[in-house]
Every structure is written in structure tokens, then in C-alpha cells.
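Novice: Sequences listed follow chains A and B, in order. Position 193, counted from 1, in the first sequence is what numbering that gives the first Met the number 0 calls 192; the numbers after and before it change by one each time, with no gaps. Position 333, counted from 1, in the second sequence is what numbering that gives the first Met the number 0 calls 332; the numbers after and before it change by one each time, with no gaps.
Number of protein chains: 2
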Amino acid sequence: MTILSGLRITECAAFIAGPFATMSLAALGAEVIRIDPLEGGLDYHRWPVTDSGRSLYWAGLNKGKKSVSIDLRSPEGRELAQAIITAPGEDGGIFITNFPATGWLDYEKLKARRGDLIMANILGNRDGSTALDYTVNCAVGFPAVTGTPGELTPTNHVLPAWDLLCGMTAATGLLAAERHRRKHGAGQLLKIALSDIALAVVGDLGFIAEVQINGHERERHGNHIFGAFGHDFETRDDRRIMVAAVSLGQWKTLCKATGTGDSITKLEQSENLDFAREGDRFAARDKIAALLAPWFAARTVAQAAAALDSERACWGLYQSFAQLVKEDPRCSPANALFAPVHHPHIGTTLTARSPIDFAACKPTPPGTGPVLGQHTDEVLSEVLKLSGAQIGALHDKNVIGGAAR
Amino acid sequence: MTILSGLRITECAAFIAGPFATMSLAALGAEVIRIDPLEGGLDYHRWPVTDSGRSLYWAGLNKGKKSVSIDLRSPEGRELAQAIITAPGEDGGIFITNFPATGWLDYEKLKARRGDLIMANILGNRDGSTALDYTVNCAVGFPAVTGTPGELTPTNHVLPAWDLLCGMTAATGLLAAERHRRKHGAGQLLKIALSDIALAVVGDLGFIAEVQINGHERERHGNHIFGAFGHDFETRDDRRIMVAAVSLGQWKTLCKATGTGDSITKLEQSENLDFAREGDRFAARDKIAALLAPWFAARTVAQAAAALDSERACWGLYQSFAQLVKEDPRCSPANALFAPVHHPHIGTTLTARSPIDFAACKPTPPGTGPVLGQHTDEVLSEVLKLSGAQIGALHDKNVIGGAAR
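#1: Less than 7 Å separating the beta-carbons of N120(B) and K190(B)?
#2: Per DSSP, what are the beta-bridge partners of K190(B) in this structure?
#3: Going by the DSSP bridge assignment, what does L349(A) pair with across the sheet?
#4: Within 7 Å of any Cβ in chain A, is that where the Cβ of E209(B) sits?
#5: With a threshold of 6 Å (Cβ to nearest heavy atom), would H223(B) be considered close to the ligand FAD?
#6: Cα-Cα, which of I263(A), W294(A), Q302(A) is closest to K286(A)?
#7: Would you call the stretch 186-206 of chain B and the stretch 250-257 of chain A touching, i.e. three or more CB-CB distances under 8 Å?
#8: Under 9 Å between beta-carbons, which chain B residues line up against S246(A)? List them in chain order, please.
#9: What residues are listed by DSSP as bridge partners for I69(B)?
#10: Pull out every residue of the stretch 312-323 of chain A whose Cβ sits closer than 7 Å to any Cβ of chain B, in chain order.
#11: Would you report the Cα separation of K358(B) and A176(A), rounded to the nearest angstrom?
#12: So A359(B) contacts chain A; which residues on that side make the cut at Cβ distance below 7 Å?
#13: Is the beta carbon of R47(A) sitting closer than 7 Å to the one on G205(B)?
#14: Applying a beta-carbon distance threshold of less than 9 Å, which residues of chain B neighbour F141(A)?
#15: Do G278(B) and G63(B) come within 7 Å of each other at the CB atom, strictly closer than that value?
#16: Under 8 Å, CB to CB, which of the residues in the stretch 53-77 of chain B have a partner in chain A?
#17: Cβ atoms of A351(A) and A199(B): under 7 Å apart, would you say?
#18: For the putative contact between T154(B) and T145(A), defined by C-beta atoms under 8 Å, what is the C-beta separation to the nearest angstrom?
#19: Quick one: which unbroken beta strand (DSSP E) runs of 3-plus residues sit fully inside the stretch 83-137 of chain B? Chain order, please.
#20: From the DSSP output, in three-state form, read off S54(B) for me.
#21: Looking at the structure shown, is I15(B) part of a helix, part of a strand, or coil, going by DSSP?
#22: Anything in chain C within Cβ reach of A130(B), meaning under 8 Å, just list it in chain order.
#23: Reducing DSSP to helix, strand and coil, say where V245(B) ends up.
#24: Please check if any C-beta of chain B sits within less than 7 Å of the C-beta of R217(A).
#25: Out of A402(B), A208(B), G166(B), V398(B), state which residue places its alpha-carbon closest to the alpha-carbon of E78(B).
#26: From this set, S23(A), E218(A), L383(A), which residue's C-alpha is nearest E150(A)'s C-alpha?
#27: Any C-beta of chain B sitting closer than 7 Å to the C-beta of C254(A)?
#28: Between V67(A) and S380(A), what straight-line distance do the alpha-carbon atoms span, to the nearest angstrom?
#29: Identify whether G391(A) lies in helix, strand or coil by the three-state DSSP scheme.
#30: Whole angstroms are fine: how far does the CA of F281(A) sit from the CA of T147(A)?
#31: Are the stretch 94-108 of chain B and the stretch 8-23 of chain B touching by the rule of at least three beta carbon pairs closer than 8 Å?
#32: Identify the continuous beta strand (DSSP E) that holds E233(B) and give its terminal residues.
#33: Give me, in chain order, the residues of the same chain whose beta-carbon lies closer than 8 Å to that of A208(A); leave out the 5 immediate sequence neighbours on both sides.
#34: Could you give the residue range of the beta strand (DSSP E) that holds L174(B)?
#35: Between which two residues does the alpha helix (DSSP H) carrying G260(A) extend?
#36: Of the residues T348(A), Q373(A), A338(A), which one's Cα is nearest the Cα of P407(A)?
Given below as C-alpha cells:
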């Protein structure tokens, strides 16, 4: 038994937040049915793509789901989609969308078909206006403090962090709502705005209070870790290492591993600082980095790694995506997280299962991305109990699609 | 009734992932008890801090929790902590830690006290070795592609995205495990490695497949949105705007709002591209940006905003943290997400409740960060049913602490 065995979730969504929410729940064993238009949804061709135009992004974010393709412009198709969303069963009736919840996706209309429906609607802004990760991120301050001090232009992040966090927040919300329904019988509508996810985090991490209480805002600190010591260093073999000394223990191990204790103590005395205090390490960050830099410059990564590991110092190697895939054992089948998975249109790639291990439940193996429409017949048969003849008639009328070529 | 009314979770954790997990569940109405050493945990002084040294970070990430301080070096203190973690009640017995689960935090020892305990252990790496957001992020490729093309050094992100995502993943995992226990009676140990969170996402978004299938890796594209069109533009009043045209609809509204349709069509023809295809927009990104730049340069933010909004184009304004706090109505009590909340050691700041709205449940108001040890007596009385005399004796022996000054 997997941890979410039996739970059934339907999705009409695109891009990251919604699909990532349900992909994460599918990786815990939930049955996730993604419904798309016959030609595929808005994200069906989203880059990166293979040479033949298959979306690696779509495959990745829909892993382990069942794909149903329906002509969602036709009344008959919409009726089918609503029927799947609201199909009976105590573990069903859970739906997520990041489209406007109007028309056939209106919560009240769906609720009329299943009174205890749980529906999560992911919005851009709370008022329903559009926002994407990129247009939220620029507004919440981080691009202004990312990159080298002195730069005059903002630096966008590449990781769609807000989308991912929004998706996982929606997953948490759906499970909370399912718990409530199990205890009290009632379903409900959840609303989650992408911009609220970012705004809440800006507050959680103290950035709002810095402005309101301290009267100033965070500055750009390049690759320094704010409020402690952490920086990147070049090695003799032209690689870069990030070291982190946030806790006192990490600071002590770093000094010991690099044998810089004496010169660090001299610096501490000359600056009249106490490096046991994280803020004092931050105040002297450039001078500390200057003391450490020669140690790294004199060593290869392998030599630095051996010394740092011998003291259990906290460090990481900068890697490109290719270096990560080709050289890091954590990104290989040696890590139980991963297994090679074959996709008929794409080939075989290293694929992750859920990063959560549940000791008492069987892990769900890494899923493959579905072929668009691959599970249309299966879902109509199993969930809606349609006959082969009924399904055939829907195909004949082009209301539903089979597995895309 | 709030969505997680009644659920009780105990936390022995520090920094972001663990505290953020439980802060998010407290914001949904769970009772969260954070246990710290008498002098505060590793993150008790984490920056940003007020002028008087109070951590805004600690206050933010522990909002809405109860704080219990105990001498965790003493056997008697450890006994108390274990008793709280494993206290009876069908909604209790849920525990999260990001410390090594050994000694008095060993799962088997805790399980011996409560057989159906659910315990989540957040690790750095799966093998138990140390890793922080900074030392994971450098390894998974993003710093190498963040920043301006041509830069030779990596750019770290400032947002601790992996920590946050790890925390919310742990919240999802705890609710999944609680569902399983409710249905089947069994608790269990969950393990979640920070580096696995990042590695899984690198795969989900297609970066691993780009290397393995396409044989090349993502390059640095500055502030361009990969595989579609999106870029930042300077306005006449020296501000910057991010526009995003990922979907075809967004692309059409952008062209219409900026009146650049004709010149865009000419570019399309001269380049022999079809901008209805997102990849073709990406291929011509620099030339498209060059066509759009004069439109923005000729307009103030207000003028550009009016035109973009009239077509419902997707855009966002770059803001510093101070601009966000002082100028954006989304970051004010006008947004139902926020309310001013007072903290006795810090003052009053705009504070977020959960970004999830549950239509059928009462929202939990934004919580305030506790004072260290503020709830020690309350928790020992209510959860462990200790008498006033017993609690007094523990204070006398300095086994427990009261509210810090």
C-alpha cells in the first residue's frame, strides 16, 4: 500500500503550480487524472523540448498521472469532464485548476453534481488578475538583491520557486481539506493566489519587518550568506566551492578544516569582533573570505573536499546541470530517489519518485509522463462506467481523444 | 472551526525547512509546540535582527506556535520533551525535527512511548551528511545560469527556495501520514532530504532530460524567460517592468497593448518564424525585446500599466523590498492575507496568515511569533497534566524556562 492509495484527484491545469501539486500527490500513490483539450493544454509544447518537439517539461510535471483528452469546447465534452471531476467515491471528488473558475469550471455548478467536492483554484493575484512566477518575483524584491553588489539592474531567478512553492502549498491544502471532509463530511472551495505565496514568505523571512521595524531594506550581498558567514571560493583546478558557516558548529569546523584558526583569531582581535556571533562573522565577511581564499586556491576540489569532510564542515561544489547529471552520485540510480524511466516519445531518463520516504508504506516507483489522451478510454470506463460502445461513439464524434502519436 | 483544528504537532528544529513546515500548519489552525533549549535554539539569533538583537527571522518562522524551553542536556528535560512529543490523543503524536534522529530523538525510542507516532526527519543529504540550501543550490546547476550571459562566476539565489519547498513538502508528508494513520492506525517515520527536494525538481522541470536526451544543458539567458518571450524593460521614469508572454494569449495581448503588431509581423516574416509558437518567440527574443523597448522607454510606469492592463497583458513591476512594503497594495492590510500584528519584543509588523483560503472554515488570524519559553507552563499543564507544584519544582531546578525577557 502506498501512502495515498485510493485517493483520486482530477486536474484541469497548465504550467507549474497546479501540475506540480498533483504530480507530487501522484508520487505518493494518489490516482491523478489530468484532463486536457484534444490538442493538448497551454503547456503541451512548453520548452525544453526534444529535437522532435516533445516537451520534456510537460513529461516531467505530469509524471505518474493519467491523461484524458476531451473536446472541452463542446457541451458533451464539458459534461464528461464535469462527470469525472465529480464522480462518486469517498476518496474522489477532489479537483484542482489554475484556470478561471467560471463557466463549466464554476465551483457552484460542480458542487451541484457532488455536494462534498473539494476544489482548489490557483489564482495569479487574489483579485483574479493574471500573474506568473516571473511577474510576481520581480515585485517582491529578490531580483533587486540577487547578483553582484553595484549592479544596477535586477537579476531574475531561473528556478520558478514561487510556482513550485504554490503547488506544494496547494497539495498541503488539498490534504487538509480532505482530512476535514473525512471528519466532518463537508467539501469546500480553496483559493490560493501565487502572489500571496510570495508575499507571505517575504514576511515570514523577516524582509517586511526589516523595512517596517529596522527602517532599512536588505542590500545586495552577492554570494555572501546574509547575517552569518558563507561564500564561494575558487579551487586550484578552476572549480568553485560554496562554504556555509551559519551555526557556530559549522564555523568551528570550517576554521579547523582550513587550518585558519590563528589568522582568524588575529582578525577577530584586530576588528574587536567575536566570531562566535554570527552577525560578527557577517560584519567581517570580506576579510574572512580573503583569509580563506588562498587555502582553496592552493587545493584541488578533491583535496579541499577531503579536508572539509574530515571535519564535517558544510560545503557544496558548484556544478552545471551537465556536471550534476554526469558527475554527482546523488543524481544517479545510486540515489534511491532515482530510477531510469522510459517514455515512448522521449526515451529513457533518470526520473525521481517522491522525495519523501514513508517507512511503513511502499514507495510509488518513479512515474512516466503520460502520452496525451493515453488514459481516456480507461478513465471513461473505470470512473464513469461507460461501455465500450459508448466510448467508441464519443471517439467517432471526436468528443474524446486517444493516445497522441 | 479552522481547517486543522485539534491537530497537535511538536517540533524540535531550527532554521527554515522544519520551522516553515509547522508554521504553515499552525497557520491552518494546528496546535504547534516548538521545544527549544533554555537559551534558544541554533536559529534564535539568526539575522535579520532588530537594533536590540531580536531575530525577525525567528519571529517570522515561528508565528502562531507555542514555545516551550527545556534544558535538553538534562535527562529530566529530555524526559519532558519526549513526553510532550508522544503525549496521547488521536490528533497528537506528530513530530518533526531536522536534527539527527539519534539519542533521545531516536525514532524507536519515541515509538516505544507512543506506538503510532508520526515523525518527520528532515536531512541534508539522504546519507545523513550536512547540507544547507546554499550548499545544495550550488550543486544543482541554477547559480551557473542565473545572471547576465557571459558572466564567469555563479550567482547564488537569495530566496532559500529549497528550504521553503522542503518545508512545505514535509507539511504535505505529515498530512499524508496522518491520513494513513486515521485510516489504518499505523504511524511511521518519514525521511526527507533537502538535496533530494532539489534533485527531484531539477528532473521535474526537464533539466536532467535536456542533458540526457538533448545532449546539451541550459545556458544563461539573463532575464529572458526560457523557451517563450518574457523580459524586463526600463520605463521613462527609470523603473523596470517584467513582461511575460508564455501562452499565445499573453503574447497577443502584449503585442496589442504595445501597438507593436505591425513591426512584430515584419520581424516574423524577415526571420521566417511563427511567433504563435513559443519557441520561435524565444529564438527572436533579443529582436522582439528591441522592438518593445522604445514603447516602454517612452512611457511612465503608470502609462505603461494602463495600456497593459487594458488588454489584460501579463506584467509586473520590479520593486525593492521597501517599495513593495510602502507602495504595493497587495502588501498592506488591503490584502486580506495581511494584518498588523504586535510582538512584545519587536513591535508591530504586517503579518501574513495562511495563503490558502478555505471557504467553509474560519481562517486562522495571522499569528505572532512567541517569546521563547512563553508557553512552557501552559503546555506542561495542558498536555502533560502536571500540577502547578510540579511545574514550580521544574523551574526551581532550572529544567524548564519561562518567557524570556
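Virtual Cβ for every residue (Gly too), placed ideally from N, Cα, C. Since the structure is predicted, the reported quantities are computational estimates derived from the model, not experimental observations.
Specialist: Looking at the atomic coordinates:
#1: yes
#2: D356(A), N120(B)
#3: P339(A)
#4: yes
#5: The ligand FAD is absent from the structure shown, which contains no ligand whatsoever.
#6: I263(A)
#7: no
#8: A13, F14, L41, D42
#9: P36(B), I399(B)
#10: C313, W314, G315, L316, Y317, Q318, S319, F320, A321, L323
#11: Note on identity: in this sequence residue 358(B) is Ala, with Lys being the wrong assignment. Their backbone Cα atoms lie some 10 Å apart in a straight line.
#12: A185, Q187
#13: Here the sequence assigns Pro to residue 47(A), which means Arg is not the residue at that position. For P47(A) and G205(B), yes; Cβs fall inside 7 Å.
#14: H156, V157, L158, F320
#15: no
#16: S54, L55, Y56, A58, G59, L60, K62
#17: yes
#18: 6 Å
#19: 93-96, 117-122
#20: strand
#21: coil
#22: Protein chains in the displayed structure are A and B, and chain C is not among them.
#23: coil
#24: yes
#25: V398(B)
#26: E218(A)
#27: no
#28: 12 Å
#29: helix
#30: 17 Å
#31: yes
#32: 228-233
#33: G202
#34: Run containing L174(B): none in the beta strand (DSSP E); it sits in the alpha helix (DSSP H), 160-183.
#35: 260-270
#36: Nothing about residue 407(A) can be read from this structure; chain A reaches only from 0 to 404.
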